[in-house]
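In the UniProt record's numbering, the protein residues as written are 1 to 419.
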């Protein structure tokens with residue numbers, strides 16, 4: 001047996017000290033081919049320092065072997081030594097047999113640094129040099145997938161699958177392609193691939209994606225089935241609860257939906273989305289007290305979420321709690337770009353509080369956004385008439401009668417104006 005083989009046996013038995021003694025002997029006595037194999041094996045086992053020493057010994061003897069530089073650069077990346085990795089790679093010329101591999105290693109380095117455009121350029125250069133090389137196609141697919149450029153990932157995964165590859169580096173390419181199609185809005189194509197994967201072979205992310213895709217395809221029951229399966233398998237996977245609850249709500253299974261949201265909140269009690277969705281269902285169940293509780297919880301977590309604030313405002317307006325509504329909304333209004341429904345809600349509350357100046361101000365702010373809403377227009381017609389805004393009044397009447405042409409009271413107001 002070679003000293004390299006003895007070393008690996010000691011490592012397998014957990015005898016590290018004895019293994020290191022044999023390693024020193026291997027560097028002195030084993031032939032170069034054996035040392036090259038040893039370096040590869042040590043790298044795969046995570047003994048980076050020993051692998052590096054072996055490659056360095058070989059590079060001293062074979063300085064023209066650029067492949068050794070790519071291996072050393074790869075180790076430097078694993079050790080977080082970016083400058084050292086770049087030094088090795090910069091020594092490899094474009095006419096070197098190892099140039100293609102150096103591009104791949106450089107792409108990996110730049111990805112670890114978050115320099116995805118530079119990484120992409122390296123991979124595209126490699127792709128132009130070797131367009132049929134599957135490892136390059138896979139690397140580009142993974143880069144685009146992980147940077148959420150799903151439409152660009154599709155072509156690379158598709159080519160690999162057409163070539164007969166369904167898995168590379170323990171990555172399921174069928175799953176990747178299905179998820180990429182789904183995130184590109186091509187839901188039917190997504191399901192054609194995702195449904196090829198056996199349920200027992202799916203990871204949690206794939207099950208969630210399938211549930212979401214079924215939801216997009218309006219197949220609520222299939223979404224419910226796979227997400228319940230995911231919940232049973234991994235109840236701590238919090239992303240499933242909003243989607244499962246939505247599917248149940250779409251099927252009008254409101255009590256089940258509320259229970260799912262409550263279960264989700266027991267896992268993730270600071271999820272403002274779950275509180276918001278639970279509030280919506282509680283309102284549908286006519287439980288306004290519970291809905292308000294959920295909305296206030298959501299606001300405590302995310303006070304800048306105007307959607308949640310507006311839902312609470314809608315509830316306060318419905319309950320005629322106008323002082324509270326004004327207090328809630330005035331600060332939001334001052335922030336600038338806001339939902340125009342806020343102006344409408346404020347107008348209603350101010351009008352009921354008999355602050356007609358403020359009511360008119362907010363009706364005017366809201367008016368351009370609701371000229372197709374008959375309820376709004378009918379209210380604003382009386383405000384404009386009361387305050388003598390003839391131009392706005394006539395415009396509001398015109399829009400309103402286009403929607404409700406047989407409202408005699410508004411017709412009479414129009415006739416009075418024309419007389």
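Ideal placement from N, C-alpha and C gives every residue a C-beta, glycine not left out.
Inter-residue Cα distance where the pair is residue 57 and residue 27: As a working note, residue 57 is residue 57 in the chain shown. As a working note, residue 27 is residue 27 in the chain shown. Their Cα atoms are separated by approximately 8 Å.
On a CA-only basis, which of 273, 277, 405 is nearest residue 248? Give me that one, please. Taking the first residue of the chain shown as 1, we reach residue 248 at position 248. Considering only alpha carbons, the answer is 277.
If you pair each beta-carbon of the segment 201-216 with each one of the segment 174-181, do three or more pairs fall below 8 Å? Yes, the segment 201-216 touches the segment 174-181.
Per-residue burial, residue 16 [other beta carbons within 10 Å of its own, 16 or more giving buried]: Working through the chain shown from its first residue, we reach residue 16 at position 16. Its Cβ having fewer than 16 others within 10 Å, residue 16 is exposed.
When the Cα of residue 63 is compared with those of 88, 39, 43, which residue comes out closest? Locating residue 63 in the chain shown gives position 63, where the first residue counts as 1. Among 88, 39, 43, the Cα nearest to that of residue 63 belongs to 88.
Going along the chain, which unbroken runs of the beta strand (DSSP E) with 3 or more residues stay wholly within the UniProt repeat "TPR" (272-305)? Complete beta strand (DSSP E) runs here, min 3: none at all.
Within this structure, are the beta carbons of residue 39 and residue 51 separated by less than 9 Å? As a first step, residue 39 is located in the chain shown; it is residue number 39 there, counting from the start. As a first step, residue 51 is located in the chain shown; it is residue number 51 there, counting from the start. Taking 9 Å as the Cβ cut-off, residue 39 and residue 51 qualify as a contacting pair.
Using 9 Å as the threshold, is the C-beta distance between residue 274 and residue 315 below it? By one-based count along the chain shown, residue 274 stands at place 274. By one-based count along the chain shown, residue 315 stands at place 315. It is not a contact, given that the beta carbons lie outside the stated cut-off.
Under a three-way DSSP split, which group does residue 142 fall into? Numbered from its first residue, the chain shown carries residue 142 at position 142. Residue state, collapsed to three classes: helix.
If you draw a straight line from the C-alpha of residue 420 to the C-alpha of residue 309, how long is it? Residue 420 is absent from the model: the chain starts at 1 and stops at 419.
Can the beta-carbon of residue 210 be found closer than 9 Å to that of residue 224? In the chain shown, counting from the first residue as 1, residue 210 sits at position 210. In the chain shown, counting from the first residue as 1, residue 224 sits at position 224. No, Cβ-Cβ distance for residue 210 and residue 224 is not below 9 Å.
Measuring only the C-alpha atoms, how far is residue 422 from residue 192? Outside the displayed range of the chain (1 to 419) lies residue 422, so it cannot be described from this structure.
Is it buried or exposed for residue 362, if we count other Cβ within 10 angstroms and need 16 for buried? Along the chain shown, read from residue 1 onward, the residue named residue 362 stands at position 362. Per the 10 Å Cβ criterion, buried.
Considering only residues of the same chain and omitting the five flanking positions on each side of residue 374, which have a CB-CB separation below 8 Å? Along the chain shown, read from residue 1 onward, the residue named residue 374 stands at position 374. Its chain contains 400, 403, 404 as the residues whose beta carbon lies nearer than 8 Å to that of residue 374, once the 5 sequence neighbours on both sides are disregarded; these appear in chain order.
In chain order, each alpha helix (DSSP H) run of at least 4 residues that lies wholly inside the segment 91-133: 99-112, 116-129
Reduced DSSP secondary structure (H/G/I, E/B, other) of residue 338: Start at 1 with the first residue of the chain shown, and residue 338 comes out as number 338. Coil, per DSSP.
Could you tell me the alpha carbon to alpha carbon distance between residue 293 and residue 324, rounded to whole angstroms? Residue numbering aside, residue 293 sits at position 293 when the chain shown is read from its first letter. Residue numbering aside, residue 324 sits at position 324 when the chain shown is read from its first letter. C-alpha separation (whole angstroms): 15 Å.
Proximity of residue 150 and residue 183 at Cβ, strictly below 9 Å: By one-based count along the chain shown, residue 150 stands at place 150. By one-based count along the chain shown, residue 183 stands at place 183. Against a cut-off of 9 Å, the Cβ pair of residue 183 and residue 150 comes out as a contact.
Using DSSP bridges, identify the partner residues of residue 355. Within the chain shown, numbered from 1, the residue matching residue 355 stands at position 355. According to DSSP, which records beta bridges pairwise, residue 355 is partnered with nothing at all.
Return the residue from the list 101, 254, 370, 42 that minimises the CA-CA distance to residue 285. What you label residue 285 is simply residue 285 of the chain shown in a count that begins at 1. Answer by Cα proximity: 254.
With 16 other Cβ atoms within 10 Å as the buried cut-off, status of residue 198: Within the chain shown, numbered from 1, the residue matching residue 198 stands at position 198. By the neighbour-count rule (16 or more Cβ atoms within 10 Å), residue 198 is not buried but exposed.
Considering only residues of the same chain and omitting the five flanking positions on each side of residue 3, which have a CB-CB separation below 7 Å? Here residue 3 refers to the residue found at position 3 of the chain shown. Cβ within range, chain order: 22, 25, 26, 29, 30.
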